[in-house]
Amino acid sequence: MERIARHPILDFPERKALDFTFDGRPMRGLEGDTIQSALHANGVVVLARSHELRRPRGFYCAIGNCSSCMMTVDGVPNVKTCATMLRAGMDVRTQRGKGVLG
Amino acid sequence: MKKTDVLVVGGGPAGLRAALSTAEAGARVLVADRAPRMGGQLVKQTHMFFGSKEQYASVRGIDIPEKLLGRLARFGDKVELLPGCTVLGAYEDGVFTALQGEDYFKIRPVSAVIATGAIERTLAFPNNDLPGIYGAGAVQTLMNVYGVKPGRRVLMVGAGNIGLIVSYQLLQAGVEVVMIIDAAPKIGGYLVHAAKVRRMGVPIHTSRTVLRAEGNGRLERAVTAALDARCAPVPGTEQTVEADVMCISVGLSPLTELLAMAGCELRYIPQLGGGVPVRSREYETTVPGLFVAGDASGIEEASAAMMEGALAGLYAAGYAGFVHPSEAETAAELRAALAALRAGEAGRHIRAGLELLEKEALYA
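Chain order of the listed sequences is A and B.
Take 1 as the starting number for the first sequence in the numbering used here and just add one per residue.
Take 1001 as the starting number for the second sequence in the numbering used here and just add one per residue.
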C-alpha cells in the first residue's frame, strides 16, 4: 500500500524512518506511525486470526475500540496495534491464541 | 491517588469544551484521553465545520483542538492534561482507575464529565470480517492522521455524512471510490456533500446493499443487490463490484462502558444511537456528580458535542462548588446554540430522541 504523496489540505512532512520487524521480516515505518499504520504502508493487512476458525482479521476502527488488530509486540500479547505508536526496533508478531503474560 | 475538582474522561470536542467551562468556573480539572494526542476524532476531520463562531464554523476540524487547547492553556496548572491515559474503571465510591503507559493510578474527583464518544458500527453479511473491510472513520484516521492510503479501489457503504465526507477525502488522497451505496431509499447526509462527490464522478446508489464479500484472505470483490420497499433484495439485481477496500459507514454507537460500570441507568433510544445514559437537563446521570456529554450521551455532530460539553462542564463545576461567573447567561447561550443546531429536518430524530430521554429522566 502507498503513502499519500500529495494532498490538497494536509501536509505530510518528511519523517524519520523507524525500522522494525513483522514476524521476523524487516520493515520500515515512519515516526508518528502506529504499528498498524506502518504495517499497512508495508502492505500487511492481515494482523490477527480469529480464535476458533482462524479466519484472517484486519483492523476495523483504527482508534482502539474494536480489538480486531491485537498482536504480540516485544513479547507482550494483545497489544492494540492501531493505538500503539511504532518505535524503532519493535518485534511485532502475529499472535497465536489468546496470549499469555510472561 | 490523584485528587481534582473535576475529572473529564475523553479529550475530544465535548471533553475539551467541558474542561474549558470548568476552568472558567475556577475549578481544577484533569482531562484524560487514551490517545497520544488530545482532540478525539477532530484530529482527522479535514473538512470545514458548519454552525456559528462558537462552534468554529468555517474552521477545519483538524485545527480545532489547537484552538481549544490554547484557550485551556490560559488557566495554567489548574488544567492538567493526561494524554495516552486510559480511564479503566469508575467505582461506586467515586474513585476512577487509570493507566498511563506502565503507570497505574487512582483518581478521586469531586465530579466527573464522561465524554468517551462513540464506536463505529458494523454491518452483518457473509465474510464481513475479511481484511479490507474497515470502518469509514478508521479509513479517515489511516489517511488523514497517518498519511497512508487504505487501498486502491473503495466501495463505500452508507451515504450519511460520514460516508459522503470520507468518500470525498479518499478522492483527495488519490484513492478511487467506485461507488457509494446505501440501503435507505434516500441519501442520509447533507446534499451539499453528496453533490460534491457526484461532481467528482462517484455514483450514489440508494436502495442497494451488500449481499456478501468475497476474497482469498482479503477483500477482492463485493456482491451488491437492489432492495425493494420492504428492504428485501430484488432477485436479478446482483452486481459484482471489484474493490480491495470496503468502508462501512452505517452509524455510531455511544461508548457507555464507564457509565454502566459506575451504575448509571441506561436506556435504548434508537434516535440517539442506542444505549444512552438517562440524564437530567443539567447533563447529570442517575449517579450524582457524574455528568455526560457528546456522543457518549447520544450520537450527534462535533459541533453539538462542543456545546453539550460546555454545558456539562458548567454543571460539573457547580457540583464541585465552583460557580461560573456568568453561569445563567452562558447556559442560555449554549442551549440556544444547541437548539439552532438541532432545528429543521436534519435534527428531527435528535429532537425526538431527546424528548424520549426527558421522559425517562422524569421516572428515573
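Note that CB positions come from ideal geometry on N, CA and C, so glycine has one too.
Is the beta carbon of residue i sitting closer than 8 Å to the one on residue j?
{"i": "R1017(B)", "j": "G1309(B)", "result": "yes"}
{"i": "G1011(B)", "j": "Q1041(B)", "result": "no"}
{"i": "L1259(B)", "j": "V1087(B)", "result": "no"}
{"i": "V1249(B)", "j": "G1274(B)", "result": "What sits at residue 1249(B) in the sequence shown is Ser, not Val. No; because the gap between Cβ atoms is not below 8 Å, this pair is not in contact."}
{"i": "A1027(B)", "j": "F1322(B)", "result": "yes"}
{"i": "G1344(B)", "j": "D1244(B)", "result": "no"}
{"i": "A62(A)", "j": "A1118(B)", "result": "no"}
{"i": "S1303(B)", "j": "G1051(B)", "result": "yes"}
{"i": "L1082(B)", "j": "A1032(B)", "result": "yes"}
{"i": "V1029(B)", "j": "K1078(B)", "result": "yes"}
{"i": "G1061(B)", "j": "Q1045(B)", "result": "yes"}
{"i": "R75(A)", "j": "G102(A)", "result": "Strictly speaking, residue 75(A) in this sequence is Gly, with Arg absent from that position. Yes; because the gap between Cβ atoms is below 8 Å, this pair is in contact."}
{"i": "A1159(B)", "j": "D1182(B)", "result": "yes"}
{"i": "R1279(B)", "j": "A1361(B)", "result": "yes"}
{"i": "L1211(B)", "j": "M1246(B)", "result": "no"}
{"i": "R1351(B)", "j": "R1342(B)", "result": "yes"}
{"i": "K98(A)", "j": "H51(A)", "result": "yes"}
{"i": "I35(A)", "j": "V92(A)", "result": "yes"}
{"i": "M109(A)", "j": "V73(A)", "result": "Nothing about residue 109(A) can be reported from this structure: the residues present for chain A run from 1 to 102 only."}
{"i": "L39(A)", "j": "F22(A)", "result": "yes"}
{"i": "K1002(B)", "j": "E2(A)", "result": "no"}
{"i": "T1366(B)", "j": "A1296(B)", "result": "No information on residue 1366(B) is available, as it lies outside the stretch 1001 to 1364 that chain B covers here."}
Closest to residue i by CA distance: which of the options is it?
{"i": "I1162(B)", "options": "M1001(B), L1211(B), L1311(B) and G1135(B)", "result": "G1135(B)"}
{"i": "A48(A)", "options": "E31(A), P13(A) and M71(A)", "result": "M71(A)"}
{"i": "M1156(B)", "options": "P1277(B), A1025(B), E1242(B) and E1265(B)", "result": "E1242(B)"}
{"i": "A1328(B)", "options": "P1131(B), A1262(B), S1021(B) and V1009(B)", "result": "S1021(B)"}
{"i": "K1292(B)", "options": "P1185(B), L1314(B) and K1003(B)", "result": "Note that residue 1292(B) is Val in the sequence shown, not Lys. The residue with the shortest Cα to Cα distance from V1292(B) is L1314(B)."}
{"i": "R25(A)", "options": "G43(A), M85(A) and R96(A)", "result": "G43(A)"}
{"i": "A1014(B)", "options": "L1338(B), E1355(B), P1233(B) and L1354(B)", "result": "L1338(B)"}
{"i": "Q1271(B)", "options": "V1110(B), G1217(B) and A1346(B)", "result": "A1346(B)"}
{"i": "S37(A)", "options": "T94(A), A83(A) and A88(A)", "result": "A83(A)"}
{"i": "V1175(B)", "options": "A1025(B), L1356(B), G1151(B) and T1240(B)", "result": "G1151(B)"}
{"i": "A1316(B)", "options": "P1109(B), E1066(B), V1043(B) and H1047(B)", "result": "P1109(B)"}
{"i": "P1203(B)", "options": "R1212(B), I1180(B) and K1186(B)", "result": "I1180(B)"}
{"i": "R15(A)", "options": "R1218(B), M1306(B), A1320(B) and Y1146(B)", "result": "Y1146(B)"}
{"i": "V1009(B)", "options": "A1023(B), N1216(B), L1290(B) and L1362(B)", "result": "L1290(B)"}
{"i": "M1038(B)", "options": "L1354(B), A1331(B), A1025(B) and P1065(B)", "result": "P1065(B)"}
{"i": "L1311(B)", "options": "V1276(B), V1192(B) and A1025(B)", "result": "A1025(B)"}
{"i": "G1201(B)", "options": "L1191(B), V1177(B) and I1187(B)", "result": "V1177(B)"}
{"i": "V1366(B)", "options": "V1278(B), A1115(B) and K1359(B)", "result": "The question about residue 1366(B) has no answer here: the residues shown for chain B are numbered 1001 through 1364."}
{"i": "R28(A)", "options": "R87(A), R96(A), T94(A) and L101(A)", "result": "R87(A)"}
{"i": "V1287(B)", "options": "D1295(B), A1296(B), R1281(B) and P1277(B)", "result": "P1277(B)"}
{"i": "I9(A)", "options": "C1264(B), N1144(B), A1336(B) and G1160(B)", "result": "N1144(B)"}
{"i": "N78(A)", "options": "I4(A), H40(A) and Q95(A)", "result": "Q95(A)"}
{"i": "D1093(B)", "options": "P1036(B), D1103(B) and M1261(B)", "result": "M1261(B)"}
{"i": "L1266(B)", "options": "L1068(B), Y1363(B) and E1301(B)", "result": "Y1363(B)"}
{"i": "P56(A)", "options": "D33(A), N65(A) and V46(A)", "result": "V46(A)"}
{"i": "H1349(B)", "options": "S1326(B), I1269(B) and E1284(B)", "result": "I1269(B)"}
{"i": "N1128(B)", "options": "Y1190(B), G1215(B) and L1191(B)", "result": "G1215(B)"}
{"i": "K1359(B)", "options": "R1281(B), G1318(B) and E1300(B)", "result": "R1281(B)"}
{"i": "H1193(B)", "options": "I1165(B), R1153(B), E1080(B) and G1217(B)", "result": "I1165(B)"}
{"i": "P1126(B)", "options": "P1036(B), A1305(B) and T1209(B)", "result": "T1209(B)"}
{"i": "A1035(B)", "options": "P1185(B), A1320(B) and Q1100(B)", "result": "Q1100(B)"}
{"i": "T1285(B)", "options": "E1300(B), S1326(B), G1263(B) and A1305(B)", "result": "G1263(B)"}
{"i": "S1207(B)", "options": "Y1190(B), E1238(B) and G1217(B)", "result": "E1238(B)"}
{"i": "L1068(B)", "options": "G1318(B), M1307(B) and G1353(B)", "result": "M1307(B)"}
Which of the three DSSP states is assigned to residue i in this structure?
{"i": "P1203(B)", "result": "coil"}
{"i": "K1044(B)", "result": "helix"}
{"i": "R1279(B)", "result": "strand"}
{"i": "G1188(B)", "result": "coil"}
{"i": "I9(A)", "result": "coil"}
{"i": "L1030(B)", "result": "strand"}
{"i": "G1273(B)", "result": "coil"}
{"i": "D1000(B)", "result": "Only positions 1001 to 1364 of chain B appear in the structure, and residue 1000(B) is not among them; the question remains open."}
{"i": "P1036(B)", "result": "coil"}
{"i": "V1287(B)", "result": "coil"}
{"i": "P1325(B)", "result": "coil"}
{"i": "V1197(B)", "result": "helix"}
{"i": "E1214(B)", "result": "strand"}
{"i": "R1208(B)", "result": "strand"}
{"i": "D1228(B)", "result": "coil"}
{"i": "E1080(B)", "result": "strand"}
Inset, instruction - Could you tell me whether the segment 1187 to 1200 of chain B touches the segment 1162 to 1172 of chain B, where touching means 3 or more Cβ pairs closer than 8 Å? - result: yes
Inset, instruction - Scan the segment 1085 to 1135 of chain B and note each continuous beta strand (DSSP E) run of 3 residues or more that stays entirely inside, going in chain order. - result: 1085 to 1090, 1096 to 1100, 1103 to 1114, 1118 to 1120 and 1133 to 1135
Legend entry - Every unbroken alpha helix (DSSP H) inside the segment 1233 to 1269 of chain B [4 residues or more]: 1257 to 1262
Legend entry - Segments assigned alpha helix (DSSP H), at least 4 residues, entirely inside the segment 13 to 100 of chain A: 35 to 41
Inset, instruction - Tell me, please, whether the segment 1214 to 1225 of chain B touches the segment 1084 to 1103 of chain B by the rule of three or more beta-carbon pairs shorter than 8 Å. - result: no
Legend entry - Entirely enclosed alpha helix (DSSP H) segments - the segment 1136 to 1176 of chain B, minimum 4 residues: 1136 to 1144 and 1161 to 1172
Inset, instruction - Check each residue of the segment 19 to 51 of chain A: if its Cβ is closer than 9 Å to any Cβ of chain D, include it; give the result in chain order. - result: Checking the listed chains, one finds no chain D in this structure; the protein chains it contains are A and B.
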